[in-house]
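Under my numbering, the first residue of the sequence shown is numbered 500, with each subsequent residue one higher.
Quick notes on the structure that follows.
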Amino acid sequence: MRMTILGSCIFCIVFVVLLITHCAGGFNSFYSSYWRVSNEYDRRLTLFDALSEQSRGIVFAGDSITYAGPWSELFPKSQTHNFGIDGDTTEGLLGRIDAIGLRQPSKVFLMIGTNDLSLEFSEDESIKNILETSRQLAAVSSETEVFIQSILPRDIEYREKIESLNKKLQESLPSEVTWINLYPHFLDAEGEAIAPEFSNDELHLTGKGYLLWRELITDHVNDKGRSSVMKLARARINPVPESEWTVAQRRYLEPIKGKAPFYNISATLARHIEAAEKFNVWAYHVMGDSSKLDGRHREILILRVGWLCDSEYEWGQHKIFAKNEGLSDEEIEWIKIGSQAEGWSDIERALLDAADELHENSFVSDHTWEVLSKQYTEQQMMDLVFTVGQYHMVSMALNSFGVQLDDGVEGF
């Protein structure tokens, strides 16, 4: 009797194993379908639908790794939208692509596929879904740039699968899609799994992981390397040519005629000479000896404002002034990142935070004010706000008037 029962149990176990093996190909579809109709998934979709009006900006789309990314904090200068959903697959992302496309984003950064591997999707199926996703995005708006990011490493068990899928995906991408290979940067010293400093569960990212991710895609987000990202390719208000100078304009422009990096803005402002002369009185305070700010600190603030306002003229001009105040090329690049960049002193980090807060809220937070007040006098605090406010106005004028870079001055 016992043998009969034991034999029946063994038979049942073998049968179940065979059944699971036979049905494994369908399990991924079942799980994926189940997750996509779950309450959490549905709630995220309703959010995307509610926000589906055209808004441009940069979209980050993917699974839980994307979903957990603090994109607005990582890229405070950019308008970002988080279209990640916990547990999503390439099939799920393809099914909700309309919600992304309707926003007509300027850029879309896709990272998807690690859950496909867990659910044993075939490589061909995953690649097909990703390619169709990028194709549909391009069909909605020809101006949308699509960036496909490699799947990140996980534990050693997934190494070969991830490397194979990444390789085939890269080879399959059309020329208009940009490939970003993040994978090798996240590997441990042995090159076998994700490094422990970047993940505490061999899948999801730590804070250091997200900082590394930001570092690897910053150039793509910020368009570094383009010949120009001026808001206007030509001036709306042209500099006054010398042949048309009035007596007042000549008095204003003669001392700086042909001098970079500030001639074009001066010759443009000279179109309204009364305003230009009064403008200079305040400008000379902000940039001159009467300001209580250290020159290095002043230029950090101005460059950050120029970067936040997309004012390439302001950036190019004050990059020269910043170097004269002792800032290195590396530090100037850090200003693009903001206070999160490593290497700043506490006071400089607080300065960058103040510039960001004034840009976003027209207000310096209590915390930032307290940090700065430990080293700054009241007059220095006032000049900080005056400087940021002044160069917001300057950025608005430069961008709206279309003031072009002076000869020999590099922009972003």
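For every residue, glycine included, the Cβ atom is placed at its ideal position computed from N, Cα and C.
A quick note: this is a predicted structure, and the numbers were derived from the prediction, not measured.
Whole-angstrom Cβ separation of residue i and residue j, contact assumed at under 8 Å?
{"i": "serine 456", "j": "threonine 589", "result": "As shown, the chain starts at 500 and ends at 911. That puts residue 456 outside it, with no answer to give."}
{"i": "alanine 774", "j": "valine 739", "result": "Their Cβ separation, rounded to whole angstroms, is 13 Å, which puts alanine 774 and valine 739 out of contact at 8 Å."}
{"i": "arginine 713", "j": "leucine 573", "result": "5 Å"}
{"i": "phenylalanine 885", "j": "alanine 734", "result": "Phenylalanine 885 to alanine 734, Cβ: 28 Å. No contact."}
{"i": "serine 649", "j": "isoleucine 679", "result": "7 Å"}
{"i": "lysine 791", "j": "asparagine 898", "result": "That belief does not hold up - the Cβ atoms of lysine 791 and asparagine 898 are roughly 29 Å apart, past 8 Å."}
{"i": "leucine 715", "j": "leucine 681", "result": "6 Å"}
{"i": "phenylalanine 608", "j": "phenylalanine 685", "result": "Wrong, their Cβ atoms sit about 16 Å apart, outside the cutoff."}
{"i": "isoleucine 834", "j": "glutamine 874", "result": "At roughly 20 Å, the Cβ-Cβ gap does not stay under 8 Å, so isoleucine 834 and glutamine 874 are not in contact."}
{"i": "valine 908", "j": "glycine 842", "result": "Between glycine 842 and valine 908 the Cβ distance is about 26 Å, and since that is not below 8 Å, they are no contact."}
{"i": "isoleucine 564", "j": "methionine 610", "result": "6 Å"}
{"i": "glutamine 603", "j": "serine 640", "result": "4 Å"}
{"i": "glutamate 700", "j": "alanine 694", "result": "For the sequence presented, residue 700 should be read as aspartate rather than glutamate. At roughly 13 Å, the Cβ-Cβ gap does not stay under 8 Å, so aspartate 700 and alanine 694 are not in contact."}
Measuring only from the beta carbon, is residue i closer than 6 Å to any heavy atom that is part of the ligand GTP?
{"i": "glutamate 572", "result": "As far as ligands go, the structure on display features none, and thus does not contain the ligand GTP."}
Identify, in the order they occur along the chain, each residue of the same chain with its Cβ nearer than 7 Å to the Cβ of residue i, setting aside the five sequence neighbours on each side.
{"i": "glutamate 691", "result": "Ile655, Arg658"}
{"i": "threonine 867", "result": "Ala849, Asp852, Ala853, Glu856"}
{"i": "serine 894", "result": "Val804, Gly805, Cys808, Ser810, Glu813"}
{"i": "alanine 766", "result": "Pro738, Val739, Leu752"}
{"i": "valine 785", "result": "Phe885, Thr886, Gln889"}
{"i": "serine 571", "result": "Thr579"}
{"i": "leucine 593", "result": "Asn628, Glu631, Thr632"}
{"i": "isoleucine 596", "result": "Thr632, Gln635, Leu636"}
{"i": "serine 532", "result": "Only weak support exists for where serine 532 lies, its pLDDT of 46 falling under 50; the value from the coordinates is given anyway. Excluding sequence neighbours, serine 532 sits near nothing in its chain."}
{"i": "glutamine 878", "result": "Lys791"}
{"i": "arginine 542", "result": "none"}
What's the gap between the Cα of residue i and the Cα of residue j?
{"i": "tyrosine 783", "j": "glycine 612", "result": "56 Å"}
{"i": "alanine 821", "j": "phenylalanine 646", "result": "33 Å"}
{"i": "proline 652", "j": "leucine 672", "result": "20 Å"}
{"i": "alanine 637", "j": "aspartate 615", "result": "24 Å"}
{"i": "methionine 880", "j": "valine 870", "result": "11 Å"}
{"i": "aspartate 585", "j": "threonine 876", "result": "48 Å"}
{"i": "isoleucine 819", "j": "glycine 910", "result": "11 Å"}
{"i": "glutamine 889", "j": "glutamate 696", "result": "42 Å"}
{"i": "tryptophan 744", "j": "isoleucine 836", "result": "42 Å"}
{"i": "asparagine 779", "j": "valine 720", "result": "35 Å"}
{"i": "lysine 777", "j": "aspartate 562", "result": "55 Å"}
{"i": "glutamate 689", "j": "proline 683", "result": "11 Å"}
{"i": "threonine 717", "j": "glutamine 748", "result": "43 Å"}
{"i": "isoleucine 772", "j": "isoleucine 755", "result": "15 Å"}
{"i": "alanine 732", "j": "glutamine 839", "result": "32 Å"}
{"i": "alanine 896", "j": "glutamate 859", "result": "19 Å"}
{"i": "tyrosine 566", "j": "glycine 591", "result": "14 Å"}
{"i": "threonine 677", "j": "glutamate 830", "result": "28 Å"}
{"i": "glycine 757", "j": "glutamate 741", "result": "10 Å"}
{"i": "proline 575", "j": "glycine 568", "result": "13 Å"}
{"i": "isoleucine 736", "j": "serine 617", "result": "59 Å"}
{"i": "arginine 750", "j": "aspartate 788", "result": "23 Å"}
{"i": "valine 746", "j": "serine 844", "result": "48 Å"}
{"i": "glycine 708", "j": "aspartate 587", "result": "20 Å"}
{"i": "serine 861", "j": "methionine 892", "result": "13 Å"}
{"i": "glutamate 675", "j": "aspartate 865", "result": "46 Å"}
{"i": "tryptophan 781", "j": "isoleucine 799", "result": "19 Å"}
Go through its chain and collect everything with a Cβ distance to residue i's Cβ below 6 Å, but skip five positions before and after it.
{"i": "valine 451", "result": "Given a span of 500 to 911 for the chain in the structure shown, any question on residue 451 remains unanswerable."}
{"i": "glutamate 832", "result": "none"}
{"i": "isoleucine 905", "result": "The question names isoleucine, but residue 905 is aspartate in the sequence shown. Once the five neighbours on either side are set aside, the close Cβ partners of aspartate 905 are Ala759, Pro760, Tyr762, Asn763."}
{"i": "isoleucine 801", "result": "His817, Tyr890"}
{"i": "valine 902", "result": "Asn763, Ile764, Thr767, Tyr812"}
Beta-carbon within less than 8 Å of residue i's beta-carbon, same chain only, minus the 5 sequence neighbours each way: which residues are those?
{"i": "serine 605", "result": "Arg555, Gly556, Ile557, Glu642, Thr643, Glu644"}
{"i": "serine 872", "result": "Met880"}
{"i": "valine 536", "result": "Bear in mind that the predicted position of valine 536 carries a pLDDT of just 47, short of 50, making it too unreliable to give a figure here."}
{"i": "phenylalanine 529", "result": "Its pLDDT being 43, under 50, phenylalanine 529 is placed unreliably by the model, and the measurement read from it follows with that caveat. Here the set comprises nothing."}
{"i": "valine 515", "result": "Interpretation of valine 515 is limited by its pLDDT of 46, a score under 50 that renders its predicted location unreliable; the figure taken from the coordinates is listed afterwards. The answer is none, since no qualifying residue turns up."}
{"i": "serine 577", "result": "Gly556, Ile557, Val720, Asn721"}
Does the stretch 665–676 come close enough to the stretch 701–708 to have 3 or more Cβ pairs within less than 8 Å?
Touching, no, given that fewer than three Cβ pairs across the two stretches are closer than 8 Å.
Please confirm if the stretch 629–644 is in contact with the stretch 577–584, defined as three or more CB-CB distances below 8 Å between the two stretches.
No, the stretch 629–644 does not touch the stretch 577–584.
Decide if the stretch 824–839 is in contact with the stretch 776–796; the criterion is three or more beta carbon pairs, one per stretch, under 8 Å apart.
Contact between the stretch 824–839 and the stretch 776–796 is present: 3 or more CB-CB pairs across the two stretches fall below 8 Å.
Could you tell me which uninterrupted beta strand (DSSP E) segments, each at least 3 residues in length, are contained entirely in the stretch 816–868, listed from first to last along the chain?
Residue ranges of uninterrupted beta strand (DSSP E) with 3 or more members are absent from the stretch 816–868; none lies entirely inside it.
Would you mind listing the beta strand (DSSP E) stretches within the stretch 642–687 that are 3+ residues and don't spill past its ends, in chain order?
For secondary structure counted as the beta strand (DSSP E) over 3 or more consecutive residues, the stretch 642–687 holds these complete runs in sequence order: 644–648, 677–679.
If we require 4 or more residues per run, which alpha helix (DSSP H) segments fall completely within the stretch 580–621?
Within the stretch 580–621, the complete alpha helix (DSSP H) runs of at least 4 residues are 589–594, 596–600, 613–617.
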